Structure formats: C-alpha cells, structure tokens
Amino acid sequence: KGELFNTNLQAVTRDYNITPRIDYRTVVKVDGPLVILDNVKFPKFAEIVNVCLSDGTVRKGQVLEISGKRAVVQIFEGTSGIDNLYTHCEFTGQTMEMPISEEMLGRAFNGSGTPIDKGPPVLAEKFLNIQGQPINPYQRVYPEEMLQTGISAIDVMTSIARGQKIPLFSANGLPHNEIGAQIVRQASLVKGKDVTDHSEENFCVVFAAMGVNMEVARFFKTDF
46 KGELFNTNLQ
56 AVTRDYNITP
66 RIDYRTVVKV
76 DGPLVILDNV
86 KFPKFAEIVN
96 VCLSDGTVRK
106 GQVLEISGKR
116 AVVQIFEGTS
126 GIDNLYTHCE
136 FTGQTMEMPI
146 SEEMLGRAFN
156 GSGTPIDKGP
166 PVLAEKFLNI
176 QGQPINPYQR
186 VYPEEMLQTG
196 ISAIDVMTSI
206 ARGQKIPLFS
216 ANGLPHNEIG
226 AQIVRQASLV
236 KGKDVTDHSE
246 ENFCVVFAAM
256 GVNMEVARFF
266 KTDF
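Per the working numbering: the sequence shown = residues 46 to 269.
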C-alpha cells in the first residue's frame, strides 16, 4: 500500500523546479469544442492542458493540432464561458494517463478514467499512457485462446479469439444492445481437455461505449 500511495502521489503532484509552469493568456479563437492559442512555445501533440476560467473553474483539454506557434486544444467539458480576456491555459507537458489496478474490475468509468459508479477512487498500481504504441503485426502473438459467447451463431460461424475487438453491425430496431450485453455477461475462455488456461482469474471483458445516448447508457449500466 505504501508503494501504491507513492505512485499515486507522484501522479498528482509536480516539481515546478524541474518542470516549470507554462501559462498562456493567448486565446485567439473558440470554435465549438476547440480553443486556439497563439504564441505557444514547444507544445506537444496530445499534451494535457488545464484551462482556467475567470470564475476559478478548471477544465481539461488536449492538444489536437500544432501549426507553428499555434496550438488547437480540444476541451473535454465544453467551451462555454471561455473568453480571450480572462481565460488562461496551463500546458502540463504530460499526456493523458490511465490509472491501472485490479480494483478497476467491476467498476464503471467515464472517458477520463474517473469512476462514475459512486464508488471510491481507484488506488492505481501504475499509470499507462493512453496513446500506446503502434504494434508491429509481424510481432503479434498468434491468437490461440478462443472465447465462447454462448451464442451459437457467433461461436460456430464467426469464432472470437482472446484480445480481439468485436464490432456489432446492425440497423435501427434490431436488438444490438441486448446482443452486446449478452456477450459481456456470457463470454469466457473455451473449456476443454486440451485447454489448460481457462481459469477465470486471468480473463476479463472490457466494455466501452462511445457516442451513445442516455437511454442506451442507462440500459448498459442497469444490465451490468
């Protein structure tokens, strides 16, 4: 627990003698969820930016584009109230990282990694950069562990390997949400005489929904 505490402490604190604060009041344009700043020195792609409004609230954003001394920042919480007079932006010099721990199992999070299930904060074992690294397809491990979903049409006709992303293509009115929820509930490693690693301890399902409305989000929260 002591090591985990130090890991979390280092993630939320900053030594300004080593990494000085870089703060700008050079907002030149606000366009939808985007804020454009001028005269920015050495911005980094995907760098996290703290946007401080005149009322003291702080919103987070991410550098999407760099053009010379201009930086385009996408604001996660919206741009309402941001102006070019009193708003100042701090470039943190860090990219977004996700706290990773076994305590995440069974929990629900928003896109920023903050718990939304009214549970306690996650005590991270490590922080991983969400950008990741490109994978060389020639160095990927050949998939040998198969999953069973309990849906015969999928298991027989379109078998799924462990670690594989599963797209569901559907049309309006069809039960794609119910199918997705059923796969999450029933998915497990194939059990058999020639399978030696079907232990439930080394298997989990990560379900992520993007761009869904509140009704669909409520369905999945209730179902899980």
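Every residue gets a Cβ at the ideal spot worked out from N, C-alpha and C, and that includes glycine. All figures in this text were calculated on a predicted structure; none of them were measured in a lab.
According to DSSP, simplified to helix, strand and coil, what is residue i?
i      : result
Asn62  : With a pLDDT of 49 at Asn62, under the threshold of 50, the modelled position of that residue is not reliable, and the figure given next carries that caveat. Three-state DSSP puts Asn62 in coil, outside helix and strand.
Ile67  : strand
Asn247 : helix
Ile93  : strand
Ala226 : helix
Phe264 : helix
Phe87  : coil
Met255 : coil
Just how far apart, CA to CA, sit residue i and residue j?
i      : j      : result
Ile111 : Asn174 : 20 angstroms
Ala226 : Lys86  : 47 angstroms
Thr137 : Gln178 : 21 angstroms
Arg315 : Ile67  : Residue 315 cannot be examined here, being either before or after the span of the chain that is shown, 46 to 269.
Asp270 : Gly113 : Only positions 46 to 269 of the chain appear in the structure, and residue 270 is not among them; the question remains open.
Name, in chain order, the residues that DSSP records as bridge partners for residue i.
i      : result
Lys74  : Ile81
Leu98  : The partner list for Leu98 (beta bridge, DSSP) is empty, contrary to what the question assumes.
Gln193 : Ser233
task: Entirely within the segment 104-191 and at least 3 residues each: give me those beta strand (DSSP E) ranges in chain order.
output: Counting whole runs of 3 or more residues, the segment 104-191 contains the beta strand (DSSP E) stretches 115-120, 133-140, 142-145 and 171-174.
Contained alpha helix (DSSP H) runs [length at least 4] in the segment 198-223, N- to C-terminal order: The segment 198-223 contains no whole alpha helix (DSSP H) run of 4 or more residues.
task: Count the CB pairs spanning the segment 70-80 and the segment 122-129 that are closer than 8 angstroms, and state whether there are at least three.
output: The answer is yes - the segment 122-129 touches the segment 70-80, with three or more Cβ pairs under 8 angstroms.
message: For the structure I just gave you, are there three or more beta carbon pairs, one from the segment 190-198 and one from the segment 100-120, closer than 8 angstroms?
response: Pairwise C-beta distances place the segment 190-198 out of contact with the segment 100-120, as fewer than three of them are shorter than 8 angstroms.
message: Does the structure place the segment 150-158 close enough to the segment 181-188 that three or more beta carbon pairs sit under 8 angstroms?
response: By the C-beta criterion, the segment 181-188 is judged not to be in contact with the segment 150-158, since fewer than 3 inter-stretch pairs fall below 8 angstroms.
Cβ contact (3+ pairs, closer than 8 angstroms) linking the segment 164-173 and the segment 139-146: As far as the Cβ criterion goes, the segment 164-173 touches the segment 139-146, which means the pair count is three or higher.
The segment 93-102 in contact with the segment 159-169 per 3-pair CB rule at 8 angstroms: By the C-beta criterion, the segment 93-102 is judged not to be in contact with the segment 159-169, since fewer than 3 inter-stretch pairs fall below 8 angstroms.
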